[in-house]
Structures are given as structure tokens and as C-alpha cells.
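Take the sequence shown: its position 104, counting from 1, is numbered 104 in full-length UniProt numbering, and each next residue is one higher.
Quick reminder that beta carbons are idealized off the backbone N, C-alpha and C, glycines included.
Since this is a predicted model, take the numbers as computed values, not measurements.
Quick notes on the structure that follows.
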Amino acid sequence: KISRPHRAAGRRDLDMGQGDLRGRTLFITGASRGIGLAIALRAAREGANVAVAAKTTEPHPKLPGTIYTAAEQIEAAGGKALALPLDIRDDEQVRAAIERTAAVFGGIDILINNASAISLTPTLATDMRRFDLMHAVNTRGTLLCSKL
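Here is the structure:
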């Protein structure tokens with residue numbers, strides 16, 4: 001079984017403010033930068049294992065961070081990290097990333113669906129290709145990760 005029950009035997013309810021993440025495993029999509037990385041670093045400071053699941057494996061000219069730089073920061077903050085190249089739109093990649101995380105850390109305690117695609121254009125000006133990308137990442141990818 002990949003996921004573990006929310007209340008493991010002998011543990012209090014999960015409360016990030018109490019430092020209860022020691023030894024817990026988080027699978028975070030979109031964790032190479034931004035909010036996903038901030039969540040990962042907070043969890044790392046509490047001793048969590050963090051699966052950094054995102055597309056960015058090479059530096060981007062306009063966006064900071066890769067899964068590898070995020071993993072380095074997580075380890076430096078006191079957590080254990082697993083960098084996982086992942087296109088959340090790909091069923092097999094999602095399944096493989098989740099299975100790898102479970103194999104490395106013994107299961108997954110917390111899923112954070114952070115990956116997203118946005119368009120800041122008005123609705124009527126949004127082309128269907130952009131809409132399809134947003135739907136595939138924000139809705140389908142989130143559901144897929146949650147189901148597995």
C-alpha cells in the first residue's frame with residue numbers, strides 16, 4: 001500500500017505547528033519553486049521526507065529552480081529529498097513517481113497538489129490550447145495524483 005493512514009499508531013494528529021513531520025513523507029507536485037518549494041522547506045525544517053515532483057530538470061532563463069536545486073535546499077534545511085522529474089499530465093510518469101517515493105520512503109503520508117498552469121488573459125481571449133493545458137494540469141493531474 002502506498003499511502004499510510006492519517007493517524008499512525010501512537011502518533012498525534014498531524015499539526016505542522018507542533019513539529020510532527022519528522023519521518024513523515026510528503027509528495028509535492030510543482031515543488032521546484034514558489035509555494036511548493038516553500039512548503040517543502042518548512043516540512044524539511046521539521047525533519048520530513050519530501051518528494052520533489054516537477055517538470056523542471058534544467059535551469060529556466062526566466063524561472064528560478066529545478067527539482068535538483070530544490071532537493072539540495074530541502075536537504076540543507078534538515079529534510080530528506082527525492083527529486084522526481086514529472087509531467088503531471090502523464091499517467092505513467094505519475095504512477096512511477098508515486099511508486100518510487102513509496103519505495104524510497106516506505107509510503108506517502110501527505111499529498112500536496114501544488115502544480116498548476118495559469119493564464120492571465122481574459123476568458124474569451126484564452127485559446128483552447130492554453131485552456132487544455134490548464135485543465136490537464138490543474139484538474140486532471142490533481143485528480144490522478146489524489147487517486148493513486
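Just the C-alpha distance for residue 106 and residue 98, rounded to the nearest angstrom, thanks.
Roughly 11 Å between the two C-alpha positions.
Let me know if residue 9 comes out buried or exposed under the rule of 16 or more other beta-carbons within 10 Å of its beta-carbon.
The predicted model places residue 9 with a pLDDT of 45, which falls under 50 and marks its position as unreliable; any figure quoted below should be read in that light. So residue 9 ends up on the exposed side.
So, under 8 Å CB-CB, residue 119 and residue 126 are touching, yes? Tell me the CB distance rounded to an integer number of Å.
Sure, about 5 Å apart at Cβ, within 8 Å.
What separation, rounded to the nearest whole angstrom, lies between the Cα atoms of residue 128 and residue 81?
Near 36 Å, if we compare the C-alpha coordinates of residue 81 and residue 128.
Less than 8 Å between the C-beta atoms of residue 67 and residue 41, yes or no?
In this structure, residue 41 does not lie closer than 8 Å to residue 67 by Cβ.
Residue 143 burial status per 10 Å Cβ neighbour count (16 or more: buried)
Around the C-beta of residue 143, fewer than 16 other C-beta atoms lie within 10 Å, and the residue is accordingly described as exposed.
Residue 26 vs residue 43 beta-carbon contact at 8 Å:
For residue 26 and residue 43, yes; Cβs fall inside 8 Å.
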